[in-house]
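Undergrad: Please read through the structure below; I'll follow up with questions.
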Amino acid sequence: MGKQLWKPSDERVKQTNMYRFMNFVNEKLGKDFTEYDPMYQWSIENIAEFWTLMWEFAEIIASKPYDQVIDDIHKMPGAKWFSGARLNFAENLLRYQDDHVALIFKGENQASIKMTYKQLYDEVARVARSLREAGIKPGDRVAGFMPNMPESIIAMLAGVSVGATWSSCSPDFGIKGVLDRFGQIKPKVLFTANGYFFKGKPLDSLDRIADILKELPSIEQVVVVPYTENDPDISHVPNAVHYRDFKSSESNIAIEFEQLPFDHPLYIMYSSGTTGLPKCMVQSAGGILIHQMKELMLHTDLKREDTIFYFTTC
Numbered sequence: 012m013g014k015q016l017w018k019p020s021d022e023r024v025k026q027t028n029m030y031r032f033m034n035f036v037n038e039k040l041g042k043d044f045t046e047y048d049p050m051y052q053w054s055i056e057n058i059a060e061f062w063t064l065m066w067e068f069a070e071i072i073a074s075k076p077y078d079q080v081i082d083d084i085h086k087m088p089g090a091k092w093f094s095g096a097r098l099n100f101a102e103n104l105l106r107y108q109d110d111h112v113a114l115i116f117k118g119e120n121q122a123s124i125k126m127t128y129k130q131l132y133d134e135v136a137r138v139a140r141s142l143r144e145a146g147i148k149p150g151d152r153v154a155g156f157m158p159n160m161p162e163s164i165i166a167m168l169a170g171v172s173v174g175a176t177w178s179s180c181s182p183d184f185g186i187k188g189v190l191d192r193f194g195q196i197k198p199k200v201l202f203t204a205n206g207y208f209f210k211g212k213p214l215d216s217l218d219r220i221a222d223i224l225k226e227l228p229s230i231e232q233v234v235v236v237p238y239t240e241n242d243p244d245i246s247h248v249p250n251a252v253h254y255r256d257f258k259s260s261e262s263n264i265a266i267e268f269e270q271l272p273f274d275h276p277l278y279i280m281y282s283s284g285t286t287g288l289p290k291c292m293v294q295s296a297g298g299i300l301i302h303q304m305k306e307l308m309l310h311t312d313l314k315r316e317d318t319i320f321y322f323t324t325c
């Protein structure tokens, strides 16, 4: 076995979320865990017990508590988790409404943008209000053809808050790639940037959007976010509206978060499409929420004062 390169000090260990969780488990169950390995073994041998405590430790917000954690541990796939619970993914992510920085965005050829939790909540509320007025309801699909920018996150949270399912494609996809994906899920509203940057060069997206719409009659509204231009021409895009005109002009809106089952569809993601049409993969709101809370809190040791860097397409 190779030489150990680094070991955290006892003081640093005691500052981690994992250490807090271990003490939380000890207190709740009368355990005496002092090291990771025995706690890990307990977690995989007592799955319902582990996820019960993870729900509590992560302070999951739910309007209705669950009736049971899992109905049949041996039914994989197909087991039903946290049945009876009612919650909203976006409500959990937007639990803070203060001046702490929520997002820092730096795009190619773009000035850095900072957005506080209060600003994020307010922006999501305005877009969510407009989505409701556009008739979006639980079960509908809202899609994005966007770079990974603040408006992508806002559109996702707004759609999810009203019960819609979110899906997205990178703006560098060709027309066929988008149709192969969105053609299967039939979104009602499409958020798109007017273009994107590649190696410093601005590239247009709206001509492709106009062609995509000819084959996607399900799309009733296209919301265009300015990115490579401040005021892009959208006259050739059917049913298009500028983002600034789409979002509600009201302020101080309280979001009406749709309360939905734990397994309500949150995201539709896709396989690569190398063996035919890309396969749609549906991810549940509750499953994504509690699993990512576990990953970020316990494995990444992310705390509210930290900043996490994420470099990806939408």
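Taken in order, the sequence shown gives residues 12 to 325; the numbers are from the numbering used here. Virtual Cβ for every residue (Gly too), placed ideally from N, Cα, C.
Pull up the CB-CB distance for Arg-152 and Val-173, whole angstroms please, since I reckon it's below 8 Å.
TA: Against the sequence shown, residue 152 aligns to sequence position 141. Against the sequence shown, residue 173 aligns to sequence position 162. Between Val-173 and Arg-152 the Cβ distance is about 12 Å, and since that is not below 8 Å, they are no contact.
Undergrad: Hey, Val-235 and Ile-245 are a contact pair by Cβ (cut 8 Å); roughly how many whole angstroms apart?
TA: Residue 235 sits at position 224 when you count from the first residue of the sequence shown. Residue 245 sits at position 234 when you count from the first residue of the sequence shown. So it is a contact: roughly 5 Å between Cβ atoms.
Undergrad: When the Cα of Met-277 is compared with those of Thr-311, Ile-165, Gly-170, Gln-121, which residue comes out closest?
TA: The count along the sequence shown starts at 1 and reaches residue 277 at position 266. The sequence given here places Leu at residue 277; Met does not occur at that position. Proximity to Leu-277 across Thr-311, Ile-165, Gly-170, Gln-121 peaks at Gly-170, based on C-alpha coordinates.
Undergrad: Indicate the three-state DSSP secondary structure (helix, strand or coil) for Ala-90 in the structure shown.
TA: To locate residue 90, count along the sequence shown from 1; it is residue 79. Coil, per DSSP.
Undergrad: Going residue by residue through the segment 12 to 69, where are the continuous alpha helix (DSSP H) segments of at least 4 residues, counting only ones entirely within it?
TA: 21 to 24, 28 to 40, 47 to 56, 58 to 68
Undergrad: On the three-state DSSP scale, how would you describe Val-171?
TA: Sequence index remark: in the sequence shown, residue 171 carries index 160 (1-based). When DSSP states are grouped into helix, strand and coil, Val-171 belongs to the helix group.
Undergrad: Can you name, in chain order, every residue of its own chain whose Cβ lies under 7 Å from the Cβ of Asn-57, other than the five neighbours on each side?
TA: Counting from one through the sequence shown, the residue named residue 57 turns up at place 46. Result list for Asn-57: empty, nothing under 7 Å.
Undergrad: At which residues does the alpha helix (DSSP H) containing Ala-143 begin and terminate?
TA: For the purposes of this step, residue 143 is identified with residue 132 of the sequence shown, where counting begins at 1. One point to set straight first is that residue 143 is Arg, not Ala, in the sequence displayed. Unbroken alpha helix (DSSP H) run through Arg-143: 128 to 144.
Undergrad: For Arg-106, which residues in the same chain have their Cβ closer than 7 Å to its Cβ, ignoring the five residues on either side in sequence?
TA: As a first step, residue 106 must be located in the sequence shown, where it is residue number 95. Cβ within range, chain order: Ile-72.
Undergrad: Quick check on Lys-75: does DSSP put it in helix, strand or coil?
TA: Here residue 75 is taken as the residue at index 64 of the sequence shown, counted from 1. It is a strand residue.
Undergrad: Taking 8 Å as the threshold, find out whether the segment 112 to 121 comes into contact with the segment 207 to 216 through three or more Cβ pairs.
TA: Segments in contact, yes.
Undergrad: Examine the Cβ distances between the segment 174 to 185 and the segment 272 to 289 and report whether three or more of them are shorter than 8 Å.
TA: Contact holds: three or more Cβ-Cβ distances are below 8 Å.
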